[in-house]
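Everything below concerns the one structure shown next.
Right, dumping it as structure tokens:
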């Protein structure tokens, strides 16, 4: 018997999948095109995994965020770094949080068609899937600083 469908629409599922793909790319075990086309689009997005049925993702948005965030990650890191404190430099962050920030930086900078509030809320929702309150507050604060800088 299949598990309950995950809440959220195709665009939310695309963002969650993009963050997961970015995390995997940072681990260095896959090439960009292979992650996007094979593992995620064909085998993960919208599939049943471990008894949970996942929402079908907007594949174009998934590919856009994943490619845009990964291929220009050094540029996005330069957007992220000024929004961090001296206590939490980029290299100290968990790879998953870096992936959330890179995806958020990409959308805030390269996707003016998406409202700022939507981007921040979507990536806070992604953080909720993996973290507790303190990390979510941290993600919220950094995304807010990035938005003010990127969309000033």
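Numbering (the working numbering), first residue to last: 41 to 192. Note that CB positions come from ideal geometry on N, CA and C, so glycine has one too.
Can you list, in chain order, the residues of its chain whose CB lies under 6 Å from that of residue i, leaving out five sequence neighbours each side?
i, result
"residue 85", "57, 97"
"residue 66", "135"
For residue i, report the span of its alpha helix (DSSP H) as first-last.
i, result
"residue 102", "99-111"
"residue 79", "Per DSSP, residue 79 belongs to no alpha helix (DSSP H) and is neither H nor E."
"residue 170", "Residue 170 -> no alpha helix (DSSP H), and no H or E assigned at all."
"residue 50", "50-66"
"residue 140", "135-150"
Leaving out five residues on either side along the sequence, give the residues of the same chain with a beta carbon under 8 Å from the beta carbon of residue i.
i, result
"residue 146", "105, 108, 109, 112, 116"
"residue 190", "119, 145, 148, 149"
"residue 230", "Outside the displayed range of the chain (41 to 192) lies residue 230, so it cannot be described from this structure."
"residue 63", "135, 136, 139"
What does the Cβ neighbour count give for residue i, buried or exposed, with the cut at 16 atoms within 10 Å?
i, result
"residue 181", "exposed"
"residue 138", "buried"
"residue 45", "Bear in mind that the predicted position of residue 45 carries a pLDDT of just 39, short of 50, making it too unreliable to give a figure here."
"residue 43", "Confidence at residue 43 is low in this model, with a pLDDT of 39, below 50, so its placement is unreliable and the value that follows should be read with caution. Residue 43 comes out exposed."
"residue 167", "buried"
"residue 103", "buried"
Within its chain, find whatever has a CB closer than 7 Å to the CB of residue i; leave out the 5 residues flanking it on each side and keep chain order.
i, result
"residue 121", "130"
Taking 8 Å as the threshold (C-beta atoms), are residue j and residue i in contact?
i, j, result
"residue 193", "residue 171", "There is simply no residue 193 to check, as the chain begins at 41 and stops at 192 in what is shown."
"residue 80", "residue 61", "yes"
"residue 101", "residue 51", "yes"
"residue 184", "residue 160", "yes"
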